[in-house]
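Enquirer: Here numbering that gives the first Met the number 0 is used: position 41 in the sequence shown is 40, and no number is missing along the way. A single structure is presented below for examination.
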Amino acid sequence: MITKYFLVALGFSAIANICMAADTKSAFQWPQKIKAAVSLSYDDAIDSQLDNAIPALNKYGLKGSFYLKLASPTIQSRLADWRAAAAQGHELGNHTLFHQCSRALTGHEWVKPEDDLDKTTLAQLKNQIMLANTMLYTIDGKNARTFTTPCGDLNAAGENYLASVKSEFVAIKSESGSGIAPSMKTLDPYAINVLTPVGYTGKQLIDVVKAAAAKGTMVNFTFHGVGGDYLTTSKEAHEELVKYLAEHNDIYWTDTFLNIMKYVKDEQKKAQ
Ligand SMILES: [Zn+2]
Numbered sequence: 000m001i002t003k004y005f006l007v008a009l010g011f012s013a014i015a016n017i018c019m020a021a022d023t024k025s026a027f028q029w030p031q032k033i034k035a036a037v038s039l040s041y042d043d044a045i046d047s048q049l050d051n052a053i054p055a056l057n058k059y060g061l062k063g064s065f066y067l068k069l070a071s072p073t074i075q076s077r078l079a080d081w082r083a084a085a086a087q088g089h090e091l092g093n094h095t096l097f098h099q100c101s102r103a104l105t106g107h108e109w110v111k112p113e114d115d116l117d118k119t120t121l122a123q124l125k126n127q128i129m130l131a132n133t134m135l136y137t138i139d140g141k142n143a144r145t146f147t148t149p150c151g152d153l154n155a156a157g158e159n160y161l162a163s164v165k166s167e168f169v170a171i172k173s174e175s176g177s178g179i180a181p182s183m184k185t186l187d188p189y190a191i192n193v194l195t196p197v198g199y200t201g202k203q204l205i206d207v208v209k210a211a212a213a214k215g216t217m218v219n220f221t222f223h224g225v226g227g228d229y230l231t232t233s234k235e236a237h238e239e240l241v242k243y244l245a246e247h248n249d250i251y252w253t254d255t256f257l258n259i260m261k262y263v264k265d266e267q268k269k270a271q
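Right under this line is the structure:
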């Protein structure tokens with residue numbers, strides 16, 4: 000009987016060891032002592048990003064992700080500046096050619112009839128998004144790409160287009176929210192929510208990254224104007240955040256969305 004109980008106990012112990020090994024295997028780990036990853040993104044390819052955001056990032060040695068609307072006037076007028084940003088290590092991402100949004104939605108009266116996502120078919124939009132990737136390749140020579148959805152609107156002529164373009168991208172920022180990922184283990188790389196921090200103070204921006212560190216996940220900011228243009232964050236508030244992140248780079252991993260999501264996908268794969 001003693002032998003039998005001993006064997007049963009041994010069995011439980013072996014199962015417990017296997018479970019512990021499985022737990023270790025499935026735990027999502029950031030590198031070293033990092034508590035949260037921070038993705039600083041900038042949509043629409045507007046002047047104030049080249050004038051204010053990139054110089055602040057360069058001053059503190061951080062990398063951001065710039066989602067170009069390829070029909071933006073700056074692509075022609077300041078192409079050399081975008082090329083220089085890519086050469087400095089910033090990411091150039093896809094934000095479509097024409098930035099179609101749904102004109103029917105409340106508050107979207109500014110959308111021009113020719114840029115109405117409700118009147119763009121899924122096939123047309125997909126072709127345009129793929130052409131945008133080719134254009135980005137001609138600017139920076141890179142193939143791996145991420146995407147942000149214009150206005151967070153997902154229906155091209157009534158059909159959700161995300162599934163049809165997923166295979167072209169490492170990850171997609173698709174919706175508005177708190178910007179803080181609830182869990183890294185279950186995070187869908189193609190449904191990342193972003194915070195658009197219009198008018199935030201430096202302290203408010205820093206509080207957001209502190210909340211992400213407390214959760215141990217990641218935070219995604221999508222800025223537009225920085226010290227100018229529209230949906231603006233002041234130059235001072237933006238720089239206060241960038242400085243804070245650089246000074247606390249032992250806790251916060253600030254990098255391009257592409258680099259962060261490659262790491263996240265590798266960790267998720269290990270856990271499978
Ligand atoms: Zn946009």
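Built from N, CA and C at the ideal position, the CB exists for glycine as well. It should be emphasised that the depicted structure is a prediction, and the values quoted were computed from it without experimental measurement.
Near D206, what residues of its chain come up, given a Cβ to Cβ distance below 6 Å and the 5 sequence neighbours on each side ignored?
Expert: Excluding positions up to five away in sequence, the list is empty.
Enquirer: Less than 8 Å between the beta carbons of L121 and A70, yes or no?
Expert: No; because the gap between Cβ atoms is not below 8 Å, this pair is not in contact.
Enquirer: Span of the alpha helix (DSSP H) holding T137?
Expert: 121-139 is the extent of the alpha helix (DSSP H) around T137.
Enquirer: Inspect the CB distances between the stretch 232-245 and the stretch 36-56 and report whether three or more fall short of 8 Å.
Expert: Verdict: yes, contact present.
Enquirer: Hey, is H89 close to ligand 1, as in C-beta under 7 Å from one of its heavy atoms?
Expert: For ligand 1, not one heavy atom lies less than 7 Å from the Cβ of H89.
Enquirer: Measuring only the C-alpha atoms, how far is F231 from H223?
Expert: Residue identity differs from the one stated: residue 231 is Thr in this sequence, not Phe. Going from the Cα of T231 to the Cα of H223 covers about 6 Å.
Enquirer: Could you check where the beta strand (DSSP E) with Y66 kicks off and where it finishes?
Expert: First-last of the beta strand (DSSP E) with Y66: 64-67.
Enquirer: Do T95 and I128 come within 8 Å of each other at the CB atom, strictly closer than that value?
Expert: Cβ distance < 8 Å, so I128 and T95 count as in contact.
Enquirer: When the Cα atoms are used, what is the spatial distance from A131 to T216?
Expert: Rounded to the nearest angstrom, the two C-alpha atoms are 30 Å apart.
Enquirer: To test your reading of the DSSP string, which unbroken beta strand (DSSP E) runs of 3 or more residues are found completely within the stretch 33-86?
Expert: Counting whole runs of 3 or more residues, the stretch 33-86 contains the beta strand (DSSP E) stretches 35-42, 64-67.
Enquirer: To the nearest angstrom, how far is the alpha carbon of T145 from that of W252?
Expert: Answer to the nearest angstrom: the Cα atoms are 18 Å apart.
Enquirer: Give me, in chain order, the residues of the same chain whose beta-carbon lies closer than 7 Å to that of N16; leave out the 5 immediate sequence neighbours on both sides.
Expert: Unreliable placement is indicated for N16, whose pLDDT of 47 sits below 50; the coordinate value is still reported in the next sentence. If we look at N16 and ignore the five residues flanking it on each side, it has no Cβ neighbours.
Enquirer: Among residues of its own chain, excluding the 5 on either side of D46, which ones have a beta-carbon nearer than 8 Å to its beta-carbon?
Expert: Cβ neighbours of D46 beyond the five flanking positions: T73, R77, G227, D228.
Enquirer: DSSP three-state label for S163, please.
Expert: The answer is helix: DSSP assigns S163 an H, G or I state.
Enquirer: With DSSP as the reference, identify every bridge partner of D115, one or two as the case may be.
Expert: Per DSSP, C100.
Enquirer: Does Y136 pass the burial test, meaning 16 or more other C-beta atoms within 10 Å, or should it be called exposed?
Expert: Exposed is the call here.
Enquirer: Could you compute how far the alpha carbon of V225 sits from the alpha carbon of G60?
Expert: Answer to the nearest angstrom: the Cα atoms are 18 Å apart.
Enquirer: Helix, strand or coil for Y251 per DSSP?
Expert: In the structure shown, Y251 sits in a strand (DSSP, three-state: E or B).
Enquirer: For ligand 1, is there a heavy atom less than 7 Å away from the beta-carbon of D42?
Expert: The answer is yes for D42.
Enquirer: Check whether the Cβ atoms of K234 and N51 sit closer than 8 Å, and answer yes or no.
Expert: Against a cut-off of 8 Å, the Cβ pair of N51 and K234 comes out as a contact.
Enquirer: If we count the other Cβ atoms within 10 Å of its Cβ and call it buried at 16 or more, is N219 buried or exposed?
Expert: N219 is buried by the Cβ-count criterion.
Enquirer: Along the chain, which unbroken stretches of the alpha helix (DSSP H) at least 4 residues long are found entirely within the stretch 194-262?
Expert: Fully enclosed alpha helix (DSSP H) runs of 4 or longer: 201-214, 234-246.
Enquirer: Can you give me the C-alpha to C-alpha distance between T23 and D265, rounded to a whole angstrom?
Expert: A caution first: T23 carries a pLDDT of 48, below 50, which makes its placement in the model unreliable, though a value can still be read off. Rounded to whole angstroms, T23 to D265 spans 15 Å at the Cα level.
Enquirer: Looking only at its chain, what residues have a beta carbon closer than 8 Å to the beta carbon of V197, apart from the 5 residues adjacent to it on each side?
Expert: Correct list, in chain order: H223, L230, T231, T232.
Enquirer: Is H107 near ligand 1, in the sense that its beta carbon is under 7 Å from a heavy atom of that ligand?
Expert: H107 Cβ: outside cutoff for every heavy atom of ligand 1.
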